[in-house]
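Peer 1:
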Amino acid sequence: MSSTRPLIAIDWGTSSLRGARLGASGQVLESREFPRGILTVPPGQFESVFQELFGDWMQAPGALCLISGMAGSRQGWQETPYCPCPAGFAELGQHLLWLQPGRIALVPGLSCLGADALNTPDVMRGEEVQIFGALQMSDRDSATLVLPGTHSKWVQVQGGRVTQFQTFMTGEVFALMSQHSILGKTMDLQGAFDEAIFLQGVDQSQQSGSVLHHLFAVRTLGLFERLSAAQLPSYLSGLLIGEELRHQTASAHPEPVILMGSEALTLRYTLALQHLRIPCQSRGAEATWAGLFALASAC
28 MSSTRPLIAI
38 DWGTSSLRGA
48 RLGASGQVLE
58 SREFPRGILT
68 VPPGQFESVF
78 QELFGDWMQA
88 PGALCLISGM
98 AGSRQGWQET
108 PYCPCPAGFA
118 ELGQHLLWLQ
128 PGRIALVPGL
138 SCLGADALNT
148 PDVMRGEEVQ
158 IFGALQMSDR
168 DSATLVLPGT
178 HSKWVQVQGG
188 RVTQFQTFMT
198 GEVFALMSQH
208 SILGKTMDLQ
218 GAFDEAIFLQ
228 GVDQSQQSGS
238 VLHHLFAVRT
248 LGLFERLSAA
258 QLPSYLSGLL
268 IGEELRHQTA
278 SAHPEPVILM
288 GSEALTLRYT
298 LALQHLRIPC
308 QSRGAEATWA
318 GLFALASAC
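Residue numbers (this note's numbering): 28 to 326.
1) Which one of Gly50, Gln105 and Leu44 has the shortest CA to CA distance from Gly71?
2) Determine the burial state of Ile268: buried for a count of at least 16 other Cβ atoms within 10 Å of its Cβ, exposed for fewer.
3) Just to confirm, are Glu222 and Leu298 a CB contact at a threshold of 8 Å?
4) Does DSSP put Leu44 in a helix, in a strand, or in coil?
5) Quick one: what does DSSP say Arg246 is sitting in, helix, strand or coil?
6) Excluding sequence positions up to five away, which residues of its chain have a Cβ less than 6 Å from the Cβ of Thr194?
7) So the candidates are Ala132, Met97, Leu126 and Leu210; which of them puts its Cα closest to the Cα of Glu154?
8) Relative to the C-alpha of Arg101, which residue among Val68, Ala87, Thr190 and Trp84 is closest?
9) Got a sec? Which residues, its chain only, sit under 8 Å from Ser43 by beta carbon, not counting five neighbours each side?
10) For His122, is the classification buried or exposed, using 16 other Cβ atoms within 10 angstroms of its Cβ as the cut-off for buried?
11) Ends of the beta strand (DSSP E) at Gln121?
12) Can you pull the DSSP bridge partners for Val150?
13) If you follow the alpha helix (DSSP H) that Arg295 is part of, which residue opens it and which one closes it?
14) With DSSP as the reference, label Ala277 as helix, strand or coil.
15) On the three-state DSSP scale, how would you describe Trp84?
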């Protein structure tokens, strides 16, 4: 991409839509955010919504727009086939789906095959640009990255290419357990986050035994008033995040793990990782813009 060509970077997720107008060195000149995730857009209306919210930015001469996230999913603007791993900027660039040639493109997301007997496939959409952006910001080409969220991702990058990743349904299981199961009947979800109780849950997750048994104990600890209703969500959160981290060891991560996500979630993962003596560092939402800028520069 020419350094003078304006870049419009878009992150179009399931529940929200973010955009940034970037300058010649990747700096954010202007940003916008709307509650217009893909689930709010009727079929066939993606182009009109895009024009309504970002059409003025696209009037700039030579403007290029890269759109990452769920806009490339089956429920989005147009389904974009996943780019298989190992993959870096070059492979992502080759798999862009151009909605308007040379002007507007969807970033494809990544897929990989697991090392289990079934070679189980795994996928991501949107996180790939955060990953490459964080590497650019950290000046690293190899790292372990963790992207907490509804579906948390653990990602391995070697030589600037994503080689493998795994998805954990940690956030979704927390929501299901706390809102739609018997556990939710005894907990107060409005209670303040309790760091000490959270770490108790992390410690318990590292003990032998099934996580299914540990989950039922969330109920009995409340029934026997060992934990208050306000403390139970913190304990459940620690139990589930700890289960996700259970197979991660400090020796496997000599360099700090890179965390990317909301402030509240990265705080919890930072606490859990440090408690388990796994070094880590955090990157914010700006990693998305850095990743899309670097991808555009490589196109």
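Even glycine gets a Cβ: it sits at the ideal position worked out from N, Cα and C.
Peer 2: In this structure, then:
1) Gln105
2) buried
3) yes
4) strand
5) helix
6) Asp149, His178 and Lys180
7) Met97
8) Val68
9) Glu60, Phe61, Pro62, Arg63 and Gly64
10) buried
11) From DSSP, Gln121 is part of no beta strand (DSSP E) but of the alpha helix (DSSP H) over Phe116 to Gln121.
12) Ser138
13) Glu290 to His302
14) Confidence is the limiting factor: at Ala277 the pLDDT is only 48, short of 50, which leaves the residue's position unreliable, though a coordinate-based value still follows. Reduced to three states, the DSSP call for Ala277 is helix.
15) helix
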